[in-house]
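Trainee: In UniProt numbering, the protein residues as written are 1 to 251. Cβ atoms here follow ideal geometry from the backbone N, Cα and C, with glycine treated the same way. Have a look at this one.
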């Protein structure tokens with residue numbers, strides 16, 4: 001279980017972004033806070049490797065519960081020690097990095113029992129902090145919300161589901177093509193960076209990703225051309241290699 005917790009957030013988020021101006025640069029996204037041994041949020045941002053940081057997770061909310069963060073061993077929400085991250089978040093934002101709060105998590109306690117319950121949670125988020133669907137389309141839980149067109153970013157999980165990569169890219173690409181119809185500024189294609197990062201699959205080997213998946217995405221969806229990797233706890237040389245391979249593939 002401990003290995004699963006560490007691996008679950010070594011996520012490789014392939015950022016496929018719909019853009020009107022092809023000159024805009026690709027972005028790199030990372031999930032942070034589920035490994036107590038990882039470097040600090042501020043230090044992650046200081047590397048200038050990332051354009052997006054997802055804080056994981058707010059894993060308790062709804063049904064009358066007091067919303068609660070779970071940031072592994074980084075802080076104790078019950079003792080109000082997580083407020084110390086406000087300065088680190090501001091440091092990231094000061095470098096132009098967008099910081100998001102990810103809701104849910106695989107071991108959380110969260111549900112919305114009524115419409116009023118949903119409003120209360122929304123008000124809490126608005127006052128205190130200011131969703132990722134899975135790849136089946138339309139999403140069972142978030143489809144109505146996504147159709148409002150009010151979301152700037154939609155993070156789609158292409159792992160642990162039938163529409164993930166599973167020896168060939170057909171299911172993934174067909175599902176991804178349907179997701180490009182959503183009314184959002186940017187759509188993220190999320191896949192695991194290692195086989196152990198997702199218990200039920202979805203990992204794409206590097207050679208398949210470079211030679212099959214990425215060219216197919218570009219060929220099928222020419223407007224979705226930018227891509228970035230979110231990789232936690234990898235060396236600079238590995239990041240450089242991933243970035244270089246991606247850039248070469250998309251040219």
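Looking at C-alpha atoms only, which residue of 89, 215 and 165 is the closest neighbour of residue 195?
Mentor: For the purposes of this step, residue 195 is identified with residue 195 of the chain shown, where counting begins at 1. That would be 165, whose Cα lies nearest to the Cα of residue 195.
Trainee: May I ask which residues mark the beginning and end of the beta strand (DSSP E) holding residue 101?
Mentor: Here residue 101 refers to the residue found at position 101 of the chain shown. For residue 101, the enclosing beta strand (DSSP E) stretches over residues 98-103.
Trainee: When you compare only the Cα positions, how much space is there between residue 21 and residue 89?
Mentor: The sequence position of residue 21 within the chain shown is 21, counting from 1. The sequence position of residue 89 within the chain shown is 89, counting from 1. Bear in mind that the predicted position of residue 21 carries a pLDDT of just 37, short of 50, making it unreliable; the figure below should be weighed with that in mind. Cα to Cα, the separation comes out at about 29 angstroms.
Trainee: If you scan the segment 45-72 from start to end, which runs of the beta strand (DSSP E) of 3 or more residues do you find wholly inside it?
Mentor: 52-62 and 65-69
Trainee: What do you reckon, are the CB atoms on residue 179 and residue 156 nearer than 8 angstroms?
Mentor: Sequence index remark: in the chain shown, residue 179 carries index 179 (1-based). Sequence index remark: in the chain shown, residue 156 carries index 156 (1-based). In contact: residue 179 and residue 156 (Cβ atoms closer than 8 angstroms).
Trainee: Let me know if residue 209 comes out buried or exposed under the rule of 16 or more other beta-carbons within 10 Å of its beta-carbon.
Mentor: As a working note, residue 209 is residue 209 in the chain shown. Per the 10 Å Cβ criterion, buried.
Trainee: Using the DSSP secondary-structure output, state which residues sit across from residue 186 in a beta bridge.
Mentor: For the purposes of this step, residue 186 is taken as residue 186 along the chain shown, with counting starting at 1. Answer is 153, bridged to residue 186.
Trainee: Residue 95 by DSSP, collapsed to three states: which one?
Mentor: Along the chain shown, one-based indexing puts residue 95 at 95. DSSP places residue 95 in coil when its eight states are reduced to three.
Trainee: Distance check for residue 75 and residue 184, CA to CA, integer angstroms please.
Mentor: On the chain shown, position 184 is the one that residue 184 refers to. On the chain shown, position 75 is the one that residue 75 refers to. Spanning the two alpha carbons is a distance of roughly 33 angstroms.
Trainee: Can you name the residues that DSSP bridges to residue 31?
Mentor: Position 31 of the chain shown, counting from 1, holds the residue named residue 31. Paired residues: 54.
Trainee: Tell me the DSSP secondary structure of residue 128 in three-state form.
Mentor: Along the chain shown, one-based indexing puts residue 128 at 128. Here residue 128 sits in helix by DSSP.
Trainee: Just to confirm the assignment, what range does the alpha helix (DSSP H) spanning residue 144 have?
Mentor: The count along the chain shown starts at 1 and reaches residue 144 at position 144. Looking at the DSSP string, the run of the alpha helix (DSSP H) that includes residue 144 is 143-146.
Trainee: Would a C-beta distance cut-off of 8 angstroms place residue 110 and residue 54 closer than the cut-off?
Mentor: Position 110 of the chain shown, counted from the start, is the residue given in the question as residue 110. Position 54 of the chain shown, counted from the start, is the residue given in the question as residue 54. It is not a contact, given that the beta carbons lie outside the stated cut-off.
Trainee: Is residue 63 buried or exposed, if buried means 16 or more other CB atoms sit within 10 Å of its CB?
Mentor: Residue 63 sits at position 63 when you count from the first residue of the chain shown. The Cβ neighbour count for residue 63, taken over all protein chains shown within 10 Å, is under 16; the residue is labelled exposed.
Trainee: Express the C-alpha separation of residue 101 and residue 122 in angstroms, rounding to a whole number.
Mentor: As a position in the chain shown, residue 122 is number 122, starting the count at 1. As a position in the chain shown, residue 101 is number 101, starting the count at 1. Going from the Cα of residue 122 to the Cα of residue 101 covers about 13 angstroms.
Trainee: By the DSSP assignment, the alpha helix (DSSP H) with residue 178 in it spans what residues?
Mentor: To locate residue 178, count along the chain shown from 1; it is residue 178. Its alpha helix (DSSP H) spans residues 170-179.
Trainee: Express the C-alpha separation of residue 148 and residue 99 in angstroms, rounding to a whole number.
Mentor: Mapped onto the chain shown, residue 99 falls at position 99. Mapped onto the chain shown, residue 148 falls at position 148. Between the C-alpha atoms of residue 99 and residue 148 there is a straight-line separation of about 23 angstroms.
Trainee: If you reduce the DSSP assignment to three classes, tell me which class residue 113 lands in.
Mentor: Here residue 113 refers to the residue found at position 113 of the chain shown. The answer is coil: DSSP assigns residue 113 none of H, G, I, E or B.
Trainee: Is residue 31 buried or exposed, if buried means 16 or more other CB atoms sit within 10 Å of its CB?
Mentor: The count along the chain shown starts at 1 and reaches residue 31 at position 31. Buried: at least 16 other Cβ atoms inside 10 Å.
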